[in-house]
Amino acid sequence: MIERYSRPEMRAIWTEENKFKAWLEVELCACEAWAELGVIPKEDTVKLRENAEFNIDRIYEIEQETRHDVIAFTRAVSESLGAERKWVHYGLTSTDVVDTALGYLLRQANEILEKDIVNFIEILKDKAIAYKDTPMMGRTHGVHAEPTTFGLKMALWYEEMKRNLERFRHAANGVQFGKISGAVGTYANIDPFVEEFVCRKLGTSPAPISTQTLQRDRHAEYMATLALIATSLDKFATEIRALQKSEVREVEEAFAKGQKGSSAMPHKRNPIGCENISGLSRVIRGHMITAYENVPLWHERDISHSSVERVILPDATMLLNYMLNRFGNIVKNLTVFPENMKRNMERTFGVPFSGRVMTKLIDKGFSREQAYDTVQPRAMQAWETQQHFREIVENTPEITAVLSPEEIADAFNPSWHLKNVDTIFRKLGLI
1 MIERYSRPEM RAIWTEENKF KAWLEVELCA CEAWAELGVI PKEDTVKLRE
51 NAEFNIDRIY EIEQETRHDV IAFTRAVSES LGAERKWVHY GLTSTDVVDT
101 ALGYLLRQAN EILEKDIVNF IEILKDKAIA YKDTPMMGRT HGVHAEPTTF
151 GLKMALWYEE MKRNLERFRH AANGVQFGKI SGAVGTYANI DPFVEEFVCR
201 KLGTSPAPIS TQTLQRDRHA EYMATLALIA TSLDKFATEI RALQKSEVRE
251 VEEAFAKGQK GSSAMPHKRN PIGCENISGL SRVIRGHMIT AYENVPLWHE
301 RDISHSSVER VILPDATMLL NYMLNRFGNI VKNLTVFPEN MKRNMERTFG
351 VPFSGRVMTK LIDKGFSREQ AYDTVQPRAM QAWETQQHFR EIVENTPEIT
401 AVLSPEEIAD AFNPSWHLKN VDTIFRKLGL I
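Here the UniProt record's numbering is used: the first residue of the sequence shown is 1, the next is one more, and so on.
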């Protein structure tokens with residue numbers, strides 16, 4: 001991933017240096033497991049742990065000849081050792097190292113991502129509570145529907161991200177696995193204890209069964225989860241973009257002093273952060289499809305997945321880390337305009353209260369069809385003439401014959417629609 005869309009902590013996990021460190025740790029732990037079994041002298045494992053090192057340039061140099069990165073790595077490491085070098089890669093096949101190290105690297109990345117998700121959930125929680133009682137117009141199909149609150153919108157996002165956190169923890173556990181089971185998964189040249197020992201040391205889990213590789217349904221599920229989280233962020237960002245339109249302007253991304261919106265139009269204050277989030281989510285969703293293509297490997301192994309994962313796993317984790325932090329800051333510093341929300345509620349001439357008028361007529365004995373057919377033409381009249389719907393209702397004899405002025409006024413009270421906001425917040429554990 002380009003540096004523009006990555007953060008140092010996550011970027012450091014996916015460097016070549018850190019990858020080879022992970023490979024070396026697998027190799028050393030495997031030797032220590034063999035020592036526990038009495039196969040490798042323990043004094044040799046001490047020497048291996050103290051002396052084993054690698055030079056990345058030397059690895060690349062050897063790879064030019066071998067055309068095999070793991071062989072190049074093991075030979076480069078062996079050059080730093082004495083007689084104990086013979087134990088490097090003992091009983092292992094390349095993917096024992098690569099897949100087990102990948103699970104270890106993903107565990108490191110997942111620790112960061114989980115922290116990011118939890119932090120973003122807290123930001124949404126704070127916003128939900130702060131704007132719990134801030135009324136705004138709810139919209140369906142982009143059209144004014146009934147009143148809601150901005151806090152409810154934030155609470156909706158809060159609950160969605162809590163579900164995403166559960167999904168992430170499950171999917172993360174699914175890829176934090178290792179396998180040291182040999183060329184086709186039968187442990188022909190290695191004791192299963194080595195796999196258990198190494199994975200325990202790395203903080204991962206041994207696969208119950210494998211071929212030469214871990215099965216890629218694990219990684220497909222993981223990538224689908226990252227894509228779903230990214231899509232939630234896209235959904236939230238799209239909502240902010242819609243609410244920032246000039247004719248709406250109910251919220252706005254913070255606009256820094258000296259920031260510019262357009263090279264041609266000095267007045268512009270564009271939601272570029274949210275647009276960035278929407279764009280990057282498309283990249284992660286694309287990686288999800290690619291991860292699914294990695295599942296059908298041939299027989300006990302091919303390497304068609306290898307080149308793909310060198311791209312999509314670092315990219316997706318770095319992007320999501322960047323997105324969660326950037327969008328978290330956008331939401332945390334979001335400018336909210338309650339007066340504009342109130343003003344927009346009044347722009348549609350009171351027609352969002354048509355449902356309440358209809359319900360009151362039903363309460364007075366109208367059939368549903370009769371009530372609907374009485375209210376709808378008056379609501380359409382308000383739309384077309386821009387006369388306030390309440391005035392039309394108050395001058396409709398069929399309605400005033402059964403509803404008192406107080407009952408009509410009550411039908412247009414926004415508080416009616418918001419009377420259960422506290423109940424919703426209690427269900428979410430927010431109050």
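Backbone N, C-alpha and C fix where the C-beta goes; we use that ideal spot for every residue, glycine too.
Inset, instruction - Can you have a look at residue 15 and say buried or exposed, based on whether 16 or more other CB atoms are within 10 angstroms of its CB? - result: Exposed, because fewer than 16 other Cβ atoms sit within 10 Å of the Cβ of residue 15.
Legend entry - Identity of the residue in 377, 338, 362, 426 nearest residue 150 by Cα: Answer by Cα proximity: 338.
Legend entry - Where the beta strand (DSSP E) containing residue 136 begins and where it ends: For residue 136, the enclosing beta strand (DSSP E) stretches over residues 135 to 140.
Inset, instruction - Work out the CA separation of residue 147 and residue 371 for me, nearest whole Å. - result: Using only the alpha carbons, I get a separation of about 21 Å.
Legend entry - Terminal residues of the beta strand (DSSP E) in which residue 93 lies: Bounds of any beta strand (DSSP E) do not take in residue 93, whose DSSP letter is neither H nor E.
Inset, instruction - Please confirm whether residue 210 and residue 174 have their CB atoms less than 9 Å apart. - result: With a cutoff of 9 Å on beta-carbon distance, residue 210 and residue 174 are scored as not near each other.
Inset, instruction - Just list the alpha helix (DSSP H) runs in the region 191 to 247, keeping only unbroken ones of 4 residues or longer that don't cross its boundaries, in chain order. - result: For the region 191 to 247, the full-length alpha helix (DSSP H) segments reaching 4 residues or more read 192 to 202, 217 to 243 along the chain.
Legend entry - Residues near residue 336 by beta carbon distance below 6 Å, same chain, minus five either side: Closer than 6 Å at the Cβ level, and outside the excluded window around residue 336, lie 251.
Legend entry - CA nearest to the CA of residue 429, picked from 376, 126, 226, 89: From the listed residues 376, 126, 226, 89, the smallest Cα separation to residue 429 is found for 126.
Inset, instruction - Between the Cα of residue 111 and those of 72, 136, 165, spot the shortest distance and give me the residue it belongs to. - result: Closest option to residue 111, Cα to Cα, is 165.
Inset, instruction - Take residue 121 as the anchor and find which of 328, 228, 74, 362 has the nearest alpha-carbon. - result: It is 328 whose Cα lies nearest to the Cα of residue 121.
Inset, instruction - Give me the Cα-Cα distance between residue 197 and residue 94, rounded to the nearest whole angstrom. - result: Rounded to the nearest angstrom, the two C-alpha atoms are 18 Å apart.
Legend entry - Cα-Cα separation, residue 178 to residue 286: Straight-line Cα distance between these residues: approximately 26 Å.
Inset, instruction - Could you spell out the range, first to last residue, of the alpha helix (DSSP H) harbouring residue 290? - result: Residues 272 to 293.
Legend entry - Closest Cα partner of residue 248 within the set 137, 353, 334, 275: Between residue 248 and the set 137, 353, 334, 275, the nearest pair of CA atoms involves 137.
Legend entry - Sub-9 Å separation of residue 75 and residue 62 beta-carbons: Contact: yes.
Inset, instruction - Quick one: give me the first and last residue of the beta strand (DSSP E) that residue 145 is part of. - result: For residue 145, the enclosing beta strand (DSSP E) stretches over residues 143 to 149.
Inset, instruction - On the DSSP bridge assignment, give the partners of residue 335 in chain order. - result: In the DSSP secondary-structure assignment, residue 335 is bridged to 252.
Inset, instruction - Assign residue 412 to one of three DSSP states: helix, strand, or coil. - result: Residue state, collapsed to three classes: coil.
Legend entry - For residue 389, the first and last residue of its enclosing alpha helix (DSSP H): Looking at the DSSP string, the run of the alpha helix (DSSP H) that includes residue 389 is 389 to 394.
Inset, instruction - Over the uninterrupted alpha helix (DSSP H) stretch that includes residue 355, give me the two end residues. - result: Note, residue 355: alpha helix (DSSP H), 354 to 363.
Legend entry - Residues that DSSP places opposite residue 178 in a beta bridge: Residue pairing for residue 178: DSSP places it in a beta bridge opposite 206.
Inset, instruction - Within 10 angstroms of the Cβ of residue 227, are there 16 or more other Cβ atoms? Answer buried if so, exposed if not. - result: It counts as buried.
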